[in-house]
Amino acid sequence: MNVKVLTEIESIREQVPRCIELAKRAGADLPCNFFYPAIHWWNHFNSLGGSAFWKKRGKNFFGNQSTLEQLFLFMVEEDGVLRAAAPFAAYRVRSAGGQGLRILCYAGDQVLIPYQDITVDPPGSRPVLAAFIECLVKFYQEEDYDLLILDHQLDTSQNVPVIRDFFANFQREQVMVREAVTSMRGGVRPWTIRQLSRRLRKLSEAAANEGVAIGGIEAFSTRLAECIPIKLLFPATRKVLAEELQQILARCRTYEALAGSLAAVENLLHDRPICYPYISLPLDHEAFLANLSRSTRYYYRRYMKSFREAGGTFETVSGRDISEVDVKDYLHLHQVRWGRESMFVCGDDSYSFHVDMVTAMAGEGLFSLFFAHFAGKRVAVLSSFDIHPRRECYFTGMDPEYLETRAGRLLWLYSIYDAIDNGYEIYDLGPGDFGYKMSLATGEARSHNFLVTRNDCPLDLDSIFAGYECMVPV
54 MNVKVLTEIE SIREQVPRCI ELAKRAGADL PCNFFYPAIH WWNHFNSLGG SAFWKKRGKN
114 FFGNQSTLEQ LFLFMVEEDG VLRAAAPFAA YRVRSAGGQG LRILCYAGDQ VLIPYQDITV
174 DPPGSRPVLA AFIECLVKFY QEEDYDLLIL DHQLDTSQNV PVIRDFFANF QREQVMVREA
234 VTSMRGGVRP WTIRQLSRRL RKLSEAAANE GVAIGGIEAF STRLAECIPI KLLFPATRKV
294 LAEELQQILA RCRTYEALAG SLAAVENLLH DRPICYPYIS LPLDHEAFLA NLSRSTRYYY
354 RRYMKSFREA GGTFETVSGR DISEVDVKDY LHLHQVRWGR ESMFVCGDDS YSFHVDMVTA
414 MAGEGLFSLF FAHFAGKRVA VLSSFDIHPR RECYFTGMDP EYLETRAGRL LWLYSIYDAI
474 DNGYEIYDLG PGDFGYKMSL ATGEARSHNF LVTRNDCPLD LDSIFAGYEC MVPV
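Using this note's numbering, read the sequence shown as starting at 54 and increasing by one per residue.
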């Protein structure tokens with residue numbers, strides 16, 4: 054087998070048609086397999102002009118600061134036929150501890166490209182994957198990187214057990230390999246305070262129902278709800294709030310009747326695997342509804358009926374039918390709903406990324422937009438990658454003036470029905486164990502990471518993954 058590493062962006066772009074043909078031949082069903090997301094991610098967020106990654110992306114995912122330095126395409130050919138390919142990116146990172154590091158990982162961040170994998174034909178081929186990983190590790194060593202990560206690979210991938218077995222028998226001096234599950238960092242954090250506030254209120258209600266007097270719960274819950282999330286990026290602020298919370302919880306632990314409500318709060322204080330829920334789709338709508346809980350089924354039937362009776366309608370725009378106006382409406386509805394809280398659209402560069410990426414994927418027939426109409430206009434949107442037999446929800450948007458219509462929630466049901474009607478087998482609900490997703494899910498996946506480091510240079514992973522995500526060793 055012939056292995057290659059392409060380092061010039063023009064040479065990489067020339068290979069995109071071959072990579073897409075490989076993905077189709079292999080029956081690949083992840084957006085990353087079709088390369089456009091990674092190419093446009095690089096185009097819009099690279100640091101070749103001297104900018105730090107976060108200045109373009111609006112977010113930072115490694116350490117305290119990072120620069121996106123280079124894009125690579127790793128390829129395996131056999132008798133002139135492309136058998137495996139994946140784009141990788143090189144970062145220069147300043148860790149939370151101040152250490153300077155060079156990191157090599159899949160091209161794309163965990164929000165814009167949440168799932169990663171090597172495109173392999175045939176899927177899970179041991180000889181092909183072995184050649185690919187040998188090349189990757191050799192490159193990592195020769196180019197003197199500090200950390201190599203095969204990151205965010207779903208445990209449902211046929212490649213994961215093969216990669217695991219390969220590294221279990223890996224013989225190379227001065228290299229250490231660890232496997233970790235992608236997890237959410239717990240504690241008093243910007244991404245936990247709302248849930249903590251709600252669960253503390255329930256704890257307060259449980260205490261009142263039991264006739265237990267525990268002061269401070271309600272007031273602390275209100276403080277968390279009113280806290281500006283960005284302030285919690287400062288360790289000193291987090292420490293003060295965390296200590297006060299622990300004092301409250303210590304008083305609650307003496308009452309056995311509060312154990313359930315207390316556990317719900319404490320669950321948010323620990324690192325836990327990020328959930329990737331999905332639906333194994335049945336053959337018809339009624340079979341899908343039958344799998345839902347009674348209350349969820351009632352919710353959707355009730356509000357779908359009232360939405361339609363009030364004149365609400367739905368619209369599907371797919372593939373090459375998606376116009377510039379459709380993309381503009383899509384991004385506008387996302388921005389008016391989430392504003393500065395959005396992880397997807399964080400400035401002009403990320404906006405342009407979505408325009409280019411959607412246009413490219415739609416041109417391949419792999420992207421759809423679902424709109425809800427009310428009062429004569431589009432009021433909600435849901436986007437998806439459509440790669441048979443799998444539909445993956447990407448992100449959503451909603452005009453806040455029409456939240457009472459439940460149009461955003463109803464779009465989930467509409468797009469699920471559409472997937473059933475068009476013969477899809479899997480509907481991926483996207484990362485996160487949010488209640489509205491879990492009420493629809495029939496299963497959930499986890500994301501695995503293989504981290505390669507030098508034996509003579511142990512790394513503090515918590516200083517590299519210093520934000521929302523953390524790595525919990527298997």
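A virtual CB, placed ideally from N, CA and C, is assigned to each residue, including glycine.
Exclusion of the five residues before and after VAL527 leaves GLU232, ALA233 and VAL234 as the residues of its chain whose Cβ lies within less than 7 Å of its Cβ. Each of GLN123, VAL56 and ILE73 was checked against the Cα of LEU419, and the nearest Cα belongs to ILE73. For the set ARG444, PHE438, VAL434 and HIS441, the Cα lying nearest the Cα of PRO453 is the one of VAL434. Per DSSP, reduced to three states, the secondary structure at ALA363 is coil, with no helix or strand assignment. Annotated three-state conformation of VAL398 is coil, per DSSP. For ARG231, the enclosing beta strand (DSSP E) has its first and last residue at 228–237. In this structure, PHE185 is the residue among PRO90, PHE185 and ASP170 with its C-alpha nearest to the C-alpha of LEU135. Residue environment: GLU309 is assigned as exposed (fewer than 16 neighbouring CB atoms within 10 Å of its CB, all protein chains considered).
Judged by pairs of C-beta atoms under 8 Å, the segment 338–356 does not touch the segment 432–450, as fewer than three such pairs exist. In the displayed model, PRO511 falls within coil according to three-state DSSP, outside both helix and strand. The bridge partners DSSP lists for PRO326 are SER236. Three or more beta-carbon pairs separated by less than 8 Å link the segment 201–214 to the segment 171–179, which places the two stretches in contact.
Going by beta carbons, LEU182 and ALA498 fall outside the 9 Å limit. For THR60 and GLY365, the gap between their C-alpha atoms comes out near 51 Å. Straight across, the Cα-Cα distance linking ASN475 with SER274 is about 46 Å. For MET491, the enclosing alpha helix (DSSP H) begins and ends at 488–491.
Counting along the chain, CYS85 sits inside no alpha helix (DSSP H), nor does DSSP assign it H or E at all. DSSP places LYS284 within a helical segment (H, G or I) once states are collapsed to three. Here ILE62 is not near TRP107, since their CB atoms are 9 Å or more apart. Taking all protein chains in view, the Cβ of PRO180 is surrounded by fewer than 16 other Cβ atoms within 10 Å, so the residue is classified as exposed. For GLU258, the enclosing alpha helix (DSSP H) covers residues 246–262.
Just so you know, the alpha carbons of ASP324 and TYR521 end up roughly 10 Å apart.
Counting only the Cα atoms, ALA266 lies some 45 Å from PRO167.
When ARG390, ASP199, PHE125 and ASN320 are compared, the shortest CA-CA separation from LEU253 is found for ASN320. DSSP lists no beta-bridge partner residue for LEU456. In this structure, DSSP gives ASP204 an extended state, which the three-state scheme calls strand. Under the three-state reduction of DSSP output, TYR470 falls in the helix class. Note that the C-beta distance between ASP481 and TYR331 is below 9 Å.
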